[in-house]
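Be aware that the sequence shown starts at 0, since it is given in numbering that gives the first Met the number 0, and climbs by one per residue.
Step one of this worksheet: look at the structure below.
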Amino acid sequence: MAITTASAAASSTTPLSQLKLKPTSTQISAFPATVSRPSARAQKTISIHCSSTTLQTAAPTASATDRVFNFAAGPAILPEKVLLKAQSELYNWRGSGMSVMEMSHRGKEFLSIIQKAESDLRNLLNIPSNYHVLFLQGGATTQFAAIPLNICQPDDVVDYIVTGSWGDKAFKEAAKYCKPKSIWSGKSDKYTKIPSFETLEQTPGAKYLHICANETIHGVEFKDYPSPANENEVLVADMSSNFCSKPVDVSKFGLIYAGAQKNVGPSGVTIVIIRSDLFGNAQSTTPVMLDYKIHADNASLYNTPPCYGIYMCGLVFEDLVAQGGLIEVEKKNAKKGKILYDAINGSNGFYKCPVVESVRSLMNVPFTLAKPELEAEFVKEAAKEKMVQLKGHRSVGGIRASIYNAMPVAGVEKLVAFMKDFQARHDG
Ligand SMILES: Cc1ncc(COP(=O)(O)O)c(C=O)c1O
């Protein structure tokens, strides 16, 4: 069955016609929207009577016409197909008579879900067999501590390249568990650069070199990766905000970690990909929940995992595989990035992106207006046009458009049409 949503046919590029685009543009065929538990009941209005109030709630429908284009940095937009698929399976997952939320994490149904999620992720990133994939909790922030606790000892030196606020947070947290050194910081340039790797002064004997592959707040992205200088040293990367947005050679890294809530699922799931020879070096005080080996030995089921979140990640991975894998995903992201950065560059300075061109993120696009007093108006007017969450991070101000995998090209085209229209009305 193919469901074609309202704007699939829209192809005009003139600013005004773009502004009329509805925020959906998907051909839904891989995931038929069927509901097999009490679907008749689900269509009715549900009344929940509490002691003092009555909640009236409309049951969900498959209609996506009321959705907005959500440019949030995370939790962020999810693929429409995935949401509809999850909706169709909400009450009764594939004939089990249960929602995934109701399943035992040790039952055969959930085991099949987590195993399929892992296998699709391995397929997408071509993860070598000597790497473990862990589905954990606690967000990427927990990994800021878990990494030193697991792969170095309290007296070990480790190197951090600090290209933005997230790298800086990781660096500061590590100081509680080992001796981190910031070997490069972009702070004095307001985090708009990536260093040239040749000039880095890495510390002899450092146990790992940490980078944040994409700085979500500042919009700075590594396009290539540095090599650690020491024998047995590994490269560690926070890929929270560009995970699965492009192919990555996993074998260059000892450890990759990412919170799910930007590109691959809801918040609550953190994915760690770790080379197996790094196990067994945990500091003696490492809490059980932060011990990678324990989670690996138990296939991420040492305790109750974030089951529903893992299921959602699995649906996203399946969708990315169906799209043709990360090579195709990267092409689409490059196209979206070009549309948006071209619009900024071509605005005669009305819009400005502070980041050095060669390292501009394809995921998070920060920009300012030459007249900063117009920024609040920009955000307000965009929201009226169903483009939301465009306000820049509180620490940097301006505007930030996050255009993760799930943002359709039509969403970026609509934003650019709005930007041109806004400029025409406010320039001069
Ligand atoms: C690059 C990066 N690292 C780490 C984090 C922290 O993730 P969490 O909130 O899941 O702990 C974020 C959150 O936005 C992020 O963007």
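Backbone N, C-alpha and C define an ideal beta-carbon position, used for all residues, glycine too.
Computed from a prediction, not measured in an experiment: that's the story for all the values here.
Exercise for review: Determine which residues share a DSSP beta bridge with S401 and list them.
Suggested key: N363
Review point. Considering only residues of the region 233-298, which uninterrupted alpha helix (DSSP H) runs meet the minimum length of 4 residues and lie entirely inside it, listed in chain order?
Key: 291-296
Review point. So I343 packs on E412, CB below 8 angstroms; how close in whole Å?
Key: With 8 angstroms as the limit, I343 and E412 do not qualify as a contact, their Cβ atoms being about 14 angstroms apart.
Check your understanding: Comparing the CB of C211 with every heavy atom of ligand 1, is any distance shorter than 6 angstroms?
Key -> yes
Check your understanding: Helix or strand or just coil, what does DSSP make of V408?
Key -> helix
Review point. Helix, strand or coil: how does DSSP classify R40 here?
Key: In this predicted model, R40 has a pLDDT of only 43, less than 50, meaning its place in the structure is not dependable; the value taken from the coordinates is given anyway. In this structure, R40 counts as helix in the three-state DSSP scheme.
Review point. What span of residues does the beta strand (DSSP E) with V156 cover, start to end?
Key: V156 to V161
Point to revise | Euclidean distance between Cα positions of I160 and S266 | key: 26 angstroms
Practice item. Considering only heavy atoms of ligand 1, list every residue whose Cβ is less than 6 angstroms from one of them, following chain order. Key: G73, G138, A139, T140, W165, C211, T215, D237, S239, S240 and G258
Review point. G94 to V320, Cα distance in whole Å?
Key: 24 angstroms
Practice item. Pick helix, strand or coil for V355, following the three-state DSSP scheme. Key: coil
**Study point:** Which of helix, strand or coil DSSP assigns to K413
**Key:** helix
Practice item. Enumerate in chain order the residues of its own chain whose CB-to-CB distance from Q136 is below 6 angstroms, with the five nearest sequence positions on each side excluded. Key: P305
Review point. Among A173, G323 and P227, which residue has its Cα nearest to the Cα of L208?
Key: P227
Exercise for review: Let me know the secondary structure DSSP gives C177 once reduced to three states.
Suggested key: coil
Review point. Name the DSSP beta bridge partners of F134, please?
Key: I270
Point to revise | Test item: CB-CB of M362 and S181 under 7 angstroms | key: no
Point to revise | Closest Cα partner of C456 within the set K178, K335 and G324 | key: The chain is shown only over 0 to 427; residue 456 falls outside these bounds and no answer can be derived.
**Study point:** Proximity of H104 and G163 at Cβ, strictly below 7 angstroms
**Key:** no
Check your understanding: With contact counted as at least three CB pairs below 8 angstroms, one residue from each stretch, are the region 130-144 and the region 96-110 in contact?
Key -> no
Check your understanding: Where does K171 fall in DSSP's three states?
Key -> helix
Practice item. Using DSSP bridges, identify the partner residues of K390. Key: I398
**Study point:** DSSP three-state assignment for H425, whether helix, strand or coil
**Key:** helix
Review point. In the DSSP assignment, what residue or residues form a beta bridge with L368?
Key: Y350
Check your understanding: Span of the beta strand (DSSP E) holding C211?
Key -> Y207 to C211
Review point. So what does DSSP say about E220, is it helix, strand or coil?
Key: strand
Check your understanding: Would M386 be called buried (16 or more neighbouring beta carbons within 10 Å of its own) or exposed?
Key -> buried
Check your understanding: Do the region 109-124 and the region 311-327 meet, that is, are 3 or more Cβ pairs less than 8 angstroms apart?
Key -> yes
Point to revise | Three-state class that DSSP yields for I76 in the structure shown | key: coil
**Study point:** With 16 other Cβ atoms within 10 Å as the buried cut-off, status of T33
**Key:** Only weak support is given to the placement of T33: the predicted model assigns it a pLDDT of 47, under 50, and the value that follows is read from those uncertain coordinates. Exposed: under 16 other Cβ atoms inside 10 Å.
Point to revise | Paired residues, beta bridge with W183 - DSSP | key: I160
**Study point:** Which of helix, strand or coil DSSP assigns to N332
**Key:** helix
Review point. Are there 16 or more other CB atoms within 10 angstroms of the CB of S357, so buried, or fewer, so exposed?
Key: exposed
Practice item. Look up N344 in the DSSP assignment and say whether it is helix, strand or coil. Key: helix
Check your understanding: Less than 7 angstroms separating the beta-carbons of G410 and F68?
Key -> yes
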